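A.B. asks: What follows is a structure written as C-alpha cells; I'll ask about it next.
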C-alpha cells in the first residue's frame, strides 16, 4: 500500500523510463485525480480511455477492405494519440472485457504498437482499476498483461487529501471537518450493502451540494445521500459547533487578545481558516502570534499548511524561531 504522494514520486521515475504503471484501489480515493495532477505537473497531455466502455475494435481497429490493393486496412478510434506528448490512461481497465484488455496489452510493451498503429514516442501508458473485492465490475487481469505493468495499491490517506484540498478550492470549514473526523474520510466497506459512503470523491461532492442547497433540510438530504446518514449527521453537528469561530478580522487586528477557542472542533476550523488566508510573510507573522497561544498540535497544523500555501515563510524569522522552539514536535 502507498499514499498518492508516494505513488506520484514513483510515477515520475517510470515516466522517465517510459514504463507502464498500474494503480489499484477502492472507489473514490482519487486514482484518476492523481493521474490528472501528474499530467499537469509534467506539462503533457492526457487521454482518458475508458476500457469498460470500449470494444476491441476501438484499439486494434475496425477492418475495412481496400479492394484496389486487395488488403484489409483498419480504422482506429480518433482518440488514440497521433503526435505530441502525454499519458494514455486506461481508466477502469480491469472492468473492460477480456478481449479489450488483450487489445490494450499490445500498447503496454515495446514497441508499443498494434497492427500498423504505433503509440507516439512522447506518450506513456498508465492503467487503473478497482480491485476484485471492491463490489465493482472487475474482470481478472490476464497474467501477460499484468506482467507488463509496475503495480501500485493506493490507499486513502488524510495528509495527502488535505494537501490536495488546500489547493483545489475546498472550504476551510470542510477541510477542518475531515481533519476533526478523519475516520469519516473513507468509510467504504465492501462487505456492506450501503449505497452511500464516505470517500474523498464523495465528500467533495457533498461539500458542494451543501453550499448550493436552498434549505438546510435539502442540504442534509443531499449530503446524506452522498456520504451516508452517519457522516451527514456528524458534518452538520460540526458546522453548528464552529459557529463560535472568531472572526478573521479580529485575529488580524488583535492577535494577542482575540479569544482562543477551547473546543477541538473549533480549533481545527480556525487553524485551517488562518492557513488558507495566509498569503504573505507578514500575514503569517500576525496569524502566528495568535496561533502560538493554542495547543502545540494546532500550531503544527497551521505551520505545515501555511508552508504549502506560501513557501517563502520558511525564510522568515518568525518561522525560524517557531521551528527552533518546537523542534521536538516536528520529528
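Numbering (the numbering used here), first residue to last: 1292 to 1622.
Positions of the beta carbon are idealized from the N, C-alpha and C atoms, including for glycine.
Keep in mind it's a predicted model, so treat the numbers as computed, not measured.
1. Is it buried or exposed, residue 1544, if we count other Cβ atoms within 10 angstroms and call 16 or more buried?
2. What are the partner residues of residue 1404, as DSSP defines its beta bridges?
3. CB residue 1376 to CB residue 1335, shorter than 9 Å?
4. Can you list, in chain order, the residues of its chain with a C-beta nearer than 7 Å to that of residue 1569? Leave out the 5 residues immediately preceding and following it.
5. Provide the residue span of the beta strand (DSSP E) that contains residue 1356, from first to last.
6. Could you name the residues that DSSP lists as bridge partners for residue 1378?
7. How close, in whole Å, do the beta carbons of residue 1406 and residue 1342 come, if the pair is a contact with beta carbons under 8 Å?
8. Check each candidate in 1546, 1516, 1554, 1392 and name the one with the smallest Cα separation from residue 1530.
9. With DSSP collapsed to three states, give me the class of residue 1390.
10. Since residue 1464 is in the beta strand (DSSP E), which residue starts that stretch and which ends it?
11. Determine which residues share a DSSP beta bridge with residue 1363 and list them.
12. Could you tell me whether the stretch 1441-1449 touches the stretch 1383-1403, using the rule of 3 or more Cβ pairs below 8 Å?
13. Can you check whether the CB of residue 1521 is closer than 9 Å to the CB of residue 1422?
14. Looking only at C-alpha atoms, which of 1345, 1384, 1614 sits nearest to residue 1367?
15. Tell me which same chain residues have a C-beta within less than 6 Å of the C-beta of residue 1403, skipping the five on either side of it?
16. Compare the beta carbon distance of residue 1311 and residue 1338 with 9 Å and say whether it is the shorter of the two.
17. Taking DSSP as the reference, what is the three-state secondary structure of residue 1449?
18. Can you give me the C-alpha to C-alpha distance between residue 1318 and residue 1357, rounded to a whole angstrom?
19. Cα separation between residue 1474 and residue 1493?
20. What did DSSP end up calling residue 1300 once you bin it into helix, strand or coil?
21. Could you tell me which uninterrupted alpha helix (DSSP H) segments, each at least 4 residues in length, are contained entirely in the stretch 1504-1566, listed from first to last along the chain?
22. Which residues does DSSP pair with residue 1441 in a beta bridge?
23. Taking only the alpha-carbon atoms, compute the straight-line gap between residue 1321 and residue 1459 and give it to the nearest angstrom.
24. To the nearest angstrom, how far is it from the Cα of residue 1557 to the Cα of residue 1419?
25. In whole angstroms, what is the alpha-carbon distance linking residue 1511 and residue 1456?
26. Identify which residue in 1438, 1397, 1469, 1383 has its Cα closest to the Cα of residue 1290.
27. Can you list, in chain order, the residues of its chain with a C-beta nearer than 6 Å to that of residue 1314? Leave out the 5 residues immediately preceding and following it.
28. From what residue to what residue does the alpha helix (DSSP H) around residue 1488 run?
29. If you follow the alpha helix (DSSP H) that residue 1571 is part of, which residue opens it and which one closes it?
30. Closer than 6 Å by C-beta to residue 1515: which residues in its own chain qualify, once you throw out the five before and the five after it? Chain order, please.
31. Report the residue from 1606, 1295, 1414, 1328 whose alpha carbon sits nearest the alpha carbon of residue 1451.
32. Only counting the same chain, and skipping five residues up and downstream in sequence, which positions put a Cβ closer than 6 Å to that of residue 1399?
C.D. replies: Quick answer:
1. One-based indexing of the chain shown puts residue 1544 at position 253. Classification for residue 1544: exposed.
2. The sequence position of residue 1404 within the chain shown is 113, counting from 1. Looking at the DSSP assignment, residue 1404 forms a beta bridge with 1409.
3. As a position in the chain shown, residue 1376 is number 85, starting the count at 1. As a position in the chain shown, residue 1335 is number 44, starting the count at 1. Against a cut-off of 9 Å, the Cβ pair of residue 1335 and residue 1376 comes out as a contact.
4. Here residue 1569 is taken as the residue at index 278 of the chain shown, counted from 1. Around residue 1569: 1575, 1578, 1597, 1600, 1601.
5. For the purposes of this step, residue 1356 is identified with residue 65 of the chain shown, where counting begins at 1. Unbroken beta strand (DSSP E) run through residue 1356: 1353-1357.
6. For the purposes of this step, residue 1378 is identified with residue 87 of the chain shown, where counting begins at 1. Residue 1378 is bridged to 1337, 1415.
7. Looking up residue 1406 in the chain shown gives position 115. Looking up residue 1342 in the chain shown gives position 51. Not really, about 18 Å apart at Cβ, beyond 8 Å.
8. Numbered from its first residue, the chain shown carries residue 1530 at position 239. Of 1546, 1516, 1554, 1392, the residue nearest in Cα terms is 1554.
9. Counted from its first residue, the chain shown places residue 1390 at position 99. In this structure, residue 1390 counts as helix in the three-state DSSP scheme.
10. Taking the first residue of the chain shown as position 1, residue 1464 is located at position 173. Where residue 1464 is concerned, there is no enclosing beta strand (DSSP E), although the alpha helix (DSSP H) it sits in stretches over 1463-1471.
11. For the purposes of this step, residue 1363 is taken as the residue at position 72 of the chain shown. The partner list for residue 1363 (beta bridge, DSSP) reads 1356.
12. Contact fails: fewer than three Cβ-Cβ distances are below 8 Å.
13. Within the chain shown, the letter at position 131 stands for residue 1422. Within the chain shown, the letter at position 230 stands for residue 1521. Contact flag unset, no.
14. Position 76 of the chain shown, counting from 1, holds the residue named residue 1367. The shortest C-alpha separation from residue 1367 is found at 1345.
15. Translated into positions along the chain shown, residue 1403 becomes position 112. Once the five neighbours on either side are set aside, the close Cβ partners of residue 1403 are 1410.
16. Taking the chain shown and counting its residues from 1, the one referred to as residue 1311 is at position 20. Taking the chain shown and counting its residues from 1, the one referred to as residue 1338 is at position 47. No, they are not a contact pair.
17. Mapped onto the chain shown, residue 1449 falls at position 158. If DSSP states are grouped into helix, strand and coil, residue 1449 belongs with the helices.
18. The sequence position of residue 1318 within the chain shown is 27, counting from 1. The sequence position of residue 1357 within the chain shown is 66, counting from 1. Each residue's Cα considered, the two are about 45 Å apart.
19. Stepping through the chain shown from its first residue, residue 1474 is reached at position 183. Stepping through the chain shown from its first residue, residue 1493 is reached at position 202. In a straight line, the C-alpha of residue 1474 is about 14 Å away from that of residue 1493.
20. Within the chain shown, residue 1300 is the residue found at index 9, counting from 1. Note: residue 1300 maps to helix in three-state DSSP.
21. Runs of the alpha helix (DSSP H) inside the stretch 1504-1566: 1507-1518, 1520-1532, 1539-1544.
22. For the purposes of this step, residue 1441 is taken as the residue at position 150 of the chain shown. Residue 1441 pairs with 1312.
23. For the purposes of this step, residue 1321 is identified with residue 30 of the chain shown, where counting begins at 1. For the purposes of this step, residue 1459 is identified with residue 168 of the chain shown, where counting begins at 1. Spanning the two alpha carbons is a distance of roughly 13 Å.
24. Position 266 of the chain shown, counted from the first residue, corresponds to residue 1557. Position 128 of the chain shown, counted from the first residue, corresponds to residue 1419. Each residue's Cα considered, the two are about 38 Å apart.
25. Position 220 of the chain shown holds residue 1511. Position 165 of the chain shown holds residue 1456. Each residue's alpha carbon lies about 22 Å from the other.
26. The requested residue 1290 does not occur in the structure, where the chain is confined to residues 1292 to 1622.
27. Here residue 1314 corresponds to residue number 23 of the chain shown, with the count starting at 1. The residues are 1322, 1419, 1443, 1445.
28. Taking the chain shown and counting its residues from 1, the one referred to as residue 1488 is at position 197. Here residue 1488 belongs to no alpha helix (DSSP H), and DSSP marks it neither H nor E.
29. Here residue 1571 is taken as the residue at index 280 of the chain shown, counted from 1. Note, residue 1571: premise wrong, no alpha helix (DSSP H); not H, not E.
30. As a first step, residue 1515 is located in the chain shown; it is residue number 224 there, counting from the start. Result list for residue 1515: 1523, in chain order.
31. Numbered from 1 along the chain shown, position 160 holds the residue referred to as residue 1451. Residue 1451 has its Cα closest to that of 1295, out of 1606, 1295, 1414, 1328.
32. Counting from one through the chain shown, the residue named residue 1399 turns up at place 108. Hits under 6 Å: 1311, 1416, 1439.
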